[in-house]
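Chemist:
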Amino acid sequence: MALLIGAIGMLSHAVVGSGYAAGTNYPAKPIPFVVPYAPGGGTDIMVRVIDRVGAQLKVFPRPLVIENKSGGSGVVGKSYAKSKPADGYTITCADDSSTVVDLFGNAPWPYNDFTYIAKLNRDYQMIVVRADSPYKTLKDLVAAAKAQPKTVKIAGTGVSQIDVLHVAMFEKASGVKFNYIGFDSGGQVITNLLGGHVDAAIANPGEAYEQMRAGKVRSLGVSSEKRLGFDSAVFKDVPTWKEAGVNLSLSQWRGVAGPKGMAKEQVDWLIDALKKITESKEWHEQYLNKFLQVGVFVAGADMQKEAEEEYAVYKTIMEGAGLLKKK
0 MALLIGAIGM LSHAVVGSGY AAGTNYPAKP IPFVVPYAPG GGTDIMVRVI
50 DRVGAQLKVF PRPLVIENKS GGSGVVGKSY AKSKPADGYT ITCADDSSTV
100 VDLFGNAPWP YNDFTYIAKL NRDYQMIVVR ADSPYKTLKD LVAAAKAQPK
150 TVKIAGTGVS QIDVLHVAMF EKASGVKFNY IGFDSGGQVI TNLLGGHVDA
200 AIANPGEAYE QMRAGKVRSL GVSSEKRLGF DSAVFKDVPT WKEAGVNLSL
250 SQWRGVAGPK GMAKEQVDWL IDALKKITES KEWHEQYLNK FLQVGVFVAG
300 ADMQKEAEEE YAVYKTIMEG AGLLKKK
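Position 122 of the sequence shown, counting from 1, maps to 121 under numbering that gives the first Met the number 0, and the rest follow consecutively.
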């Protein structure tokens with residue numbers, strides 16, 4: 000049975016224009032958004048587009064105050080945000096990295112010790128190889144890894160992050176064992192793949208896109224349920240993992256959260272504001288299409304439920320792969 004992480008859920012909310020939460024003057028001052036990663040990364044890009052589109056649509060009475068506090072796979076920034084009052088004037092990123100870091104035992108707080116506001120996007124994984132690789136299909140790669148376990152080198156980002164878990168899930172679904180090699184960033188992953196230091200890599204479509212377009216990298220498959228609808232010249236022939244014989248689909252996600260205990264009125268105002276932004280053509284043009292993202296909108300209790308289901312699945316997978324370090 001296929002594992003599907005990051006399924007699209009929908010929570011309907013009446014969309015309001017710019018203004019204050021009913022019965023309050025919220026937001027009466029600029030809202031700081033703590034980005035727990037370095038400038039220029041995927042989360043930072045998402046937050047800056049939220050701020051820009053929010054200003055264009057006049058959704059926020061005042062611009063967001065974006066603060067980058069990176070370190071510890073997001074732990075430093077999220078811990079900083081959690082230390083602030085739950086008064087609606089500090090929000091931060093929600094993502095599946097909180098779940099993974101918690102399960103690896105590297106977070107000082109439980110993954111769900113936040114106020115869930117809204118999940119905004121999904122990003123898929125691909126298995127990619129150099130254009131001249133002897134592995135022409137995903138079945139070729141799997142066959143080689145089965146024939147000689149732990150000899151096929153596959154690159155990913157980090158050694159205790161989401162790529163490690165996703166590779167473990169792929170191994171379980173396909174019955175193989177790779178030699179996983181972690182690098183500090185997606186850019187380093189692609190560089191080392193091109194340099195011949197690894198045989199394959201796990202990468203998001205946006206990370207591999209330029210090298211695929213240049214004809215230097217080929218994708219053997221993508222983790223989505225259906226083929227990608229991005230640039231047809233680049234992605235039209237990329238099969239899903241399921242089509243290629245590996246019964247698995249998965250994704251990463253990003254969204255917005257706040258300190259535990261935020262007032263319902265403030266959460267509802269933020270949900271409505273984010274929904275208006277993500278339904279706009281500006282969001283599609285400036286974020287989803289430009290950065291090869293898939294839009295979703297799952298809010299509040301529905302978002303928390305999805306995170307809890309994801310945690311249970313990830314915990315089982317990590318236990319089976321010997322990755323679980325949390326006592």
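Note that CB positions come from ideal geometry on N, CA and C, so glycine has one too.
Can you tell me which of the three DSSP states S97 falls into?
Modeler: If DSSP states are grouped into helix, strand and coil, S97 belongs with the helices.
Chemist: Can you find a CB in chain C that lies within less than 8 Å of the CB of Q160?
Modeler: Reference to chain C is not applicable here, since this structure consists of a single protein chain.
Chemist: Who pairs with E66 in a beta bridge, going by DSSP?
Modeler: Looking at the DSSP assignment, E66 forms a beta bridge with V33.
Chemist: Does DSSP put M261 in a helix, a strand or coil?
Modeler: DSSP places M261 in coil when its eight states are reduced to three.
Chemist: Taking the C-alpha atoms as reference points, what is the distance between D162 and D86?
Modeler: The straight-line gap from Cα to Cα measures roughly 34 Å.
Chemist: Please give the ranges of any beta strand (DSSP E) in the stretch 155-240, keeping only runs that are unbroken, at least 3 residues long and fully inside the region.
Modeler: With a minimum length of 3 residues, the continuous beta strand (DSSP E) runs that stay inside the stretch 155-240 are 178-182, 199-202, 216-221.
Chemist: Which class does T150 belong to by DSSP, given the choice of helix, strand or coil?
Modeler: Here T150 sits in coil by DSSP.
Chemist: Could you pull out every residue in the same chain whose Cβ sits closer than 6 Å to the Cβ of D328, ignoring the five residues on either side in sequence?
Modeler: An answer regarding residue 328 cannot be provided, because it is not within the stretch 0 to 326 covered by the chain.
Chemist: Give me, in chain order, the residues of the same chain whose beta-carbon lies closer than 7 Å to that of G214; leave out the 5 immediate sequence neighbours on both sides.
Modeler: These residues qualify, in order along the chain: A130.
Chemist: Are G254 and K118 closer than 8 Å when you measure CB to CB?
Modeler: Result yes, Cβ atoms of G254 and K118 sit closer than 8 Å.
Chemist: Looking only at its own chain, which residues have a Cβ that is under 6 Å from the Cβ of V233, when we skip the five neighbours before and after it?
Modeler: Answer for V233: M211, R212, listed in chain order.
Chemist: So for K141, helix, strand or coil by DSSP?
Modeler: One point to set straight first is that residue 141 is Val, not Lys, in the sequence displayed. Looking at V141 - three-state DSSP - the assignment turns out to be helix.
Chemist: In terms of residues, what are the limits of the alpha helix (DSSP H) holding D86?
Modeler: Premise fails: D86 is in no alpha helix (DSSP H) and is neither H nor E.
Chemist: Just to confirm my understanding: we take D50, look at its own chain, exclude 5 residues before and 5 after, and list those with CB closer than 7 Å. What are they?
Modeler: P62, L63, I65.
Chemist: Among residues of its own chain, excluding the 5 on either side of G76, which ones have a beta-carbon nearer than 6 Å to its beta-carbon?
Modeler: Only V33, P35, K68 meet the Cβ criterion.
Chemist: Beta strand (DSSP E) containing R47: first to last residue?
Modeler: R47 -> not in any beta strand (DSSP E); alpha helix (DSSP H) instead, spanning 41-55.
Chemist: Below 8 Å, how does it come out for the stretch 125-143 and the stretch 241-251: are there three or more Cβ pairs, yes or no?
Modeler: Flag = yes, the stretch 125-143 and the stretch 241-251 touch.
Chemist: For V15, which residues in the same chain have their Cβ closer than 7 Å to its Cβ, ignoring the five residues on either side in sequence?
Modeler: For V15, the predicted model reports a pLDDT of 38, less than 50, meaning its position is unreliable; a value from the coordinates is still stated below. Cβ within range, chain order: D271.
Chemist: Give the straight-line distance between the Cα atoms of A262 and W282, rounded to the nearest whole angstrom.
Modeler: If you take the alpha carbons of A262 and W282, they lie about 27 Å apart.
Chemist: Specify the secondary structure class of D112 as computed by DSSP and reduced to three states.
Modeler: Reduced to three states, the DSSP call for D112 is coil.
Chemist: Buried or exposed: which applies to D183, given that a residue is buried once 16 or more other Cβ atoms fall within 10 Å of its Cβ?
Modeler: It counts as exposed.
Chemist: Rounded to whole angstroms, what is the Cα-Cα separation between K259 and P204?
Modeler: Between K259 and P204, the C-alpha separation is close to 33 Å.
Chemist: Pick out whichever of K176, N105, Y208, F177 has its Cα sitting closest to the Cα of G185.
Modeler: Checking every option, the nearest Cα to that of G185 belongs to Y208.
Chemist: Check for me: the alpha helix (DSSP H) holding G299 runs from which residue to which?
Modeler: Segment 299-320, the alpha helix (DSSP H) holding G299.
Chemist: According to DSSP, is Q285 helix, strand or coil?
Modeler: In the structure shown, Q285 sits in a helix (DSSP, three-state: H, G or I).
Chemist: Quick check: what's the CA-CA separation for G73 versus A200?
Modeler: Answer to the nearest angstrom: the Cα atoms are 23 Å apart.
Chemist: Return the chain-ordered list of same chain residues with a C-beta closer than 7 Å to the C-beta of F169, the five sequence neighbours on each side being excluded.
Modeler: Closer than 7 Å at the Cβ level, and outside the excluded window around F169, lie V245, L247.
Chemist: Determine the closest residue to S78 out of L227, V48, A54, N111, with distance taken between C-alpha atoms.
Modeler: Selected option, being the one with the closest Cα: N111.
Chemist: What's the gap between the Cα of P29 and the Cα of P60?
Modeler: Those two C-alpha atoms are separated by around 8 Å.
Chemist: Counting along the chain, where does the beta strand (DSSP E) carrying R129 start and finish?
Modeler: Residues 125-129.
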